[in-house]
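Participant:
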Amino acid sequence: MIPPTTGASLQSEAFTPALDLAALSRALHVALTPKPSGSTTAFLSFDRHCNSLRLDTAAVLNRLGTIEHFLHDADPGPPAWQTVRVGGRIVQGSGQALQQALLALANQIGKEFDELCAREALQPQQFIIDHPEPALQALGKKVGGYLDRLESNALTRVQHMAFAESRAATPDLNQVGRVTCATEIIETGDSLTLLLDAIGRLMRQRSEEWSTDEIQRTQNELRSYYQQGDAQLRQFIDIFLAEDALARIRATVARDVMTAIQHSAERQQKSADAQLAAEYLRRVLFLHDYFSNPNHDERELDLDSHYGPSAGGNILLSTELMKATFYSCLPVWCDWNTPLLEASATDTQGQPRLIRLLGYRFRINGRDPERRESAFELRLRRLRETLLPETESERRSGLARSLVQLLVLAIVVPRDTSDAELNADVGKKIHEAIKYFNDNGQDATRSILASLEKRIDVMQRIASAVIGILKRKGPLFNELACQPRSYYLNILRGILNRERAFQGQPEPLVKPAPGQDQRIEFFNCLQVTTADPLPDALFSLRVSVKLGESLLHMPHSTPSEYRVQRRPPKALVQILWQPDGTITAQLPIKNWHLASSLRVHYDPELLGIADSRRPNPQQRQHLAARRVAFTVLVYIALKVLCERLIACDPQRGSQMIALMLRFQQQGRSAGEQDLSGEQGLYAAAQAIEHALGQHLRTRMQGITGADNPQDSQWKFKSRNSFNALLSALPLQMQTPSAPTLDRIGVLTFVSRPATDHPALSEDQQRDFVLLGRSYIAQANPQLPGYRLASGPNLLALESGREVFTDSPAIFKAIERLYQKGCRYLLYMGHRRGGRQVGRARTPHRHHEQPLFLAEIQRRFPDLCVYPLVRDVFPATRLRTRGSSEDAFEIPDYHTSLPYWNLDLATPRDQDLIPVYTFATLHVISDEDGEAGRPQSGFAIYFLLSQATPESLEQETRKRLDWIGADSPRRHDLIAVLRSLHYLESEAPARPGKAPARSDPSSSGQDAPSTPKKPHYVPPVLDPYTALQPANIAAIGEVSVHPRTPSSGSGEVLLSLPAVLARVTEVLDLSPAPRTDTAP
């Protein structure tokens, strides 16, 4: 019997973004069901030649038809700075129909598979590869990879390090890295009140026109508009002042840092490379100062004449340059990171202030690991693809931004070391570059690109000179770090539309010209000063910044050495994704095929829009429906098929692994084209990988059209792809001593909004999708060490009310680990959209609140839960990593303290205790290993400790488990965290030197054979990137409507994981359904 309802957020309220998933599922079932005439192409078929089961998704999607009104209340319309998220809810009253349609769809797929097996005399188990180690060995030889990580003599070497109290007390040879950070103290106050008070002061200057009562009434009306959601006021107060304006100060601090490096380069008169670096930095600094001045002079770039009206209109260089993020196009520069720590406090007068710790890192023309190109080369190639595509249909979005980047690079990168180049008039170069483009258009673009491509070597010399400066052992920023510097965010009076502001009307601030971004007008009315605020500013905010440096050093030079071994699975199933049509012939599919496989055939044209530059809203609706249909169809099919395979032999099936290979023409690079079929497939595959991981261990790897034997980099890329697949295999890693804890569970997860709209003002009104991974570490006393294997993935939808009070999905995931015998749990909740540690205002902190953690302990009284927070911080290497250094770690509490005692000794709602630090200090470089970037980072794990009178004894024991010098549990817990960085590593092992043979003559034994060379296994710095990827497609989200500042409309995102979470809940429904009430 099908229960009538399911899911706490199954139904949509009157105005909430929702999907008509029931109608779509019904249409899928109709399209899947074969016609009586037998004229339709079957979804499932068998290819006897390669012993593969074919899933023809194009045949079903072509019969799907059009789903009208698939998206409800998600039309473009929010302000340009806001985002609507859809996927968490279905339309009102469709719960019963959805259940019936999904179950019918799953039953039809199962029926079709059974009929195929009977017709072709197939056995389901023939699609399972038993004892696959020989097959993997053969595959590795075929594609250029190797199974070095399955060998028992694979090793890794971990060097201990610590934060030094004093640079002077640390020998140079032991210094390995520098951490550059800044403490910000922001005098927050009430920004809305500051604005209203400033308006009141201006009105009182004209007291003959405005009485005190009228001024008060105007201020009250404006405050009311803000509270009611006035888009312009909200954007200015909540977004611009809170984030964008601060980014301008951070860009100014980065400018000061690079000024110090420029001065250092100027002093190296005898070094031609240093002089090139000084000139490059001088030009960039001039650009920064020139365009930061609101009164600068410049001409428009004439895009309309040379690229047509589709270019988006003429622009000014300053339109892009005033954005703090613009400087990311520079191959050598200093970047600030999202705040690492955040705390709220009050000053001596009781005024509120926000204290933030930021990390600063250096981009130094690093090399792309896949294409083996420097950042400068890669930037030029992408600019050529955008500005000079071979066909008009290949033109990418962002033309104006790309053109500005091209001109800026032409201005700041010198050609050589001649006197004319080293003392160029930068202001003159700016005007010449604009005039040259306006006069010559695309011919100028072509010429500038060719000129810059000749300066690739110059850019590398500049990077090498900056690297040398950064590697110097002395402090870099003495003059900046002596005392805090005061910066002022000055909001100029021009930001007001005085007529509207003084009359208390909505949108009282200056509006942009048609087609322009509102933020540009805000930036035009912002000026940063040091020492003193502008006397005639509307109002000013003070930010104090103090730069600091900490040193990473090695207390001793002997690393710890551990054996590392991958354990092959008992059985595996191979799943291949391949496109139909002519693209297939360009892909090396046959090189990767095992003895049997499941093959998902797809047509990328069905998952995108051919002319994706200006599709209408109806086209976008239809595309969203097709993408969801494809995702649901493939997921249900793979789920049903894998369940049938597991049922053949439940004991063996429970240990089965699914290895998925996704063949695409472009892969993740298609993410820049949000409406392309490649991007749609990539997002769908990411969502399906995670959802299928709920039922069996699944690992996916993408292979693009360039990855073929004719490509010069094919062997390098295919080897890396092969090793990436091996990261699905369990890992056995040695520990310094025999483990004392038998089984340790790990649960790591993130919550992302699945239903969101400006009309939903509170988190309790929204829906969230939980994505997580679990692991089980089993002690192996004989090694000694732990065998670490991934467990079921976590994927669930939860309403805002559930998330904040009672999270069934989290409790269920913990219960699964508990039933597996885990009595110790490492519990890590990550956070979307911000740093992990100490963010006072970061959303979705619910799973680490004291009440929630106390509820976990109440439900599992004999389970010891260690709530951890982990983050990755930037560091700069001071020397080349030694050949015997695969990783670095700070394994104890005390040597982490010097870095962590940085002006943040302010009360927080929880204590953060640094308990373990892991670093790779890995550098992507060229073949000789010396010319790469000295940029790396380190991951710090913090124990969240929040003792209450009732839990004081228990919390004290947990602290001692981590920081007690003689605690045996500490070694076990750290061993599991260390192993995670190796389990999720996709890098191939490196062969080392063979150990020396012992002399057999003294013992009278025969001469032994030559010892086998060991392989050294590298770890990964951040093993949790699958939960926090760099782009939305990598987490399975797609853009239904992009953000278009020119039309003032915001972004609409569709969460495919949220859709699959609902599908899973319906198909795996328990007998006791939850209520059918939307929040």
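Each position in the sequence shown, counted from 1, maps to that position plus 679 in my numbering. Ideal placement from N, C-alpha and C gives every residue a C-beta, glycine not left out.
#1: Exposed or buried, Gly1106, counting other C-beta atoms within 10 Å across all chains shown (16 or more means buried)?
#2: In the DSSP output, which residue or residues are listed as bridge partners for Ser1734?
#3: Quick one: is Asn1169 buried, meaning 16 or more other Cβ sit within 10 Å of its Cβ, or exposed?
#4: Going by DSSP in three states, Lys790 sits in which element: helix, strand or coil?
#5: Going by the CB atoms, is the gap between Val1425 and Ser1406 shorter than 8 Å?
#6: Taking Glu863 as the reference, which of Tyr1545, Tyr1039 and Arg1549 has the closest Cα?
#7: On the three-pair Cβ rule with 8 Å, is the region 1226-1242 touching the region 1276-1292?
#8: Is there contact here, the region 732-741 with the region 1300-1312, by at least three beta-carbon pairs under 8 Å?
#9: Mind reading off the beta-carbon distance from Ser1486 to Arg764? Whole number of angstroms is fine, and I expect it under 8 Å.
#10: To the nearest angstrom, how far is it from the Cα of Asp909 to the Cα of Ile916?
#11: For Arg880, which residues from the same chain have a beta carbon less than 8 Å from its beta carbon, with the 5 sequence-adjacent residues on both sides left out?
#12: Answer with yes or no whether the minimum CB distance from Pro1697 to chain B is below 8 Å.
#13: For Arg742 versus Asp1565, is the C-beta distance shorter than 8 Å?
#14: Taking the CB atoms as reference points, tell me whether Arg1198 and Asp1014 lie closer together than 8 Å.
#15: Contact check, Ser1624 vs Ile1592 under 8 Å by CB: the rounded distance?
#16: In the DSSP output, which residue or residues are listed as bridge partners for Tyr1503?
#17: Compute the beta-carbon to beta-carbon distance between His1650 and His1235, rounded to the nearest angstrom, for a pair I have assumed lies under 8 Å.
#18: Tell me where the beta strand (DSSP E) around Leu1473 begins and ends.
#19: Look at Arg1125 and Leu1067 and say whether their C-beta atoms are less than 8 Å apart.
#20: How far does the beta strand (DSSP E) with Asn1459 in it reach, from first residue to last?
#21: Ends of the alpha helix (DSSP H) at Pro1641?
#22: Buried or exposed for Asp1446, please, with buried defined as at least 16 other CB atoms from any protein chain shown within 10 angstroms of its CB.
#23: Leu1324 and Ile807: beta carbons closer than 8 Å?
#24: If you check the beta carbons only, do Leu1473 and Leu1504 fall under 8 Å apart?
#25: Quick check: the Cα distance between Glu1716 and Thr1383, rounded to an integer number of angstroms?
#26: Taking its Cβ as the centre, do 16 or more other Cβ atoms sit within 10 Å of Asp1605, making it buried, or is it exposed?
#27: Can you check which of these residues, Ala780, Glu1200, Leu875 and Phe1428, is closest to Leu1706 by C-alpha distance?
#28: Does the beta-carbon of Ser704 have 16 or more other beta-carbons within 10 angstroms, so that it is buried, or is it exposed?
#29: In this structure, does DSSP put Glu958 in helix, strand or coil?
#30: Considering only their Cβ atoms, is the gap separating Ser1658 from Met1412 smaller than 8 Å?
#31: Go ahead and pull the three-state DSSP assignment for Pro1415.
#32: Determine the direct distance from the alpha carbon of Gly1077 to that of Ala721, and round the result to whole angstroms.
#33: Can you grab the Cα-Cα spacing for the pair Leu1467 / Ala1112, in whole Å?
#34: Give the straight-line distance between the Cα atoms of Arg1741 and Ala1644, rounded to the nearest whole angstrom.
#35: Where does Asp699 sit, in a helix, a strand or coil, going by DSSP?
#36: Can you tell which of Leu801, Met1138, Asp981 and His1301 has its C-alpha closest to the C-alpha of Leu750?
Facilitator: The answer reads as follows:
#1: exposed
#2: Glu1716
#3: buried
#4: helix
#5: no
#6: Tyr1039
#7: no
#8: yes
#9: With 8 Å as the limit, Ser1486 and Arg764 do not qualify as a contact, their Cβ atoms being about 19 Å apart.
#10: 11 Å
#11: none
#12: In the structure shown, chain B does not exist; there is a single protein chain.
#13: no
#14: no
#15: 6 Å
#16: Ile1423 and Cys1543
#17: Actually they are not in contact, since the Cβ atoms of His1650 and His1235 sit about 18 Å apart, beyond 8 Å.
#18: Leu1473 to Ser1478
#19: yes
#20: Asp1446 to Asn1459
#21: Checking the displayed sequence, the identity of residue 1641 turns out to be Trp instead of Pro. Start and end: Leu1631 to Ile1642.
#22: buried
#23: yes
#24: no
#25: 20 Å
#26: Low confidence applies to Asp1605: its pLDDT is 34, below 50, so where it sits in the model is not reliable enough to give any reading.
#27: Phe1428
#28: buried
#29: helix
#30: yes
#31: coil
#32: 42 Å
#33: 58 Å
#34: 47 Å
#35: coil
#36: His1301
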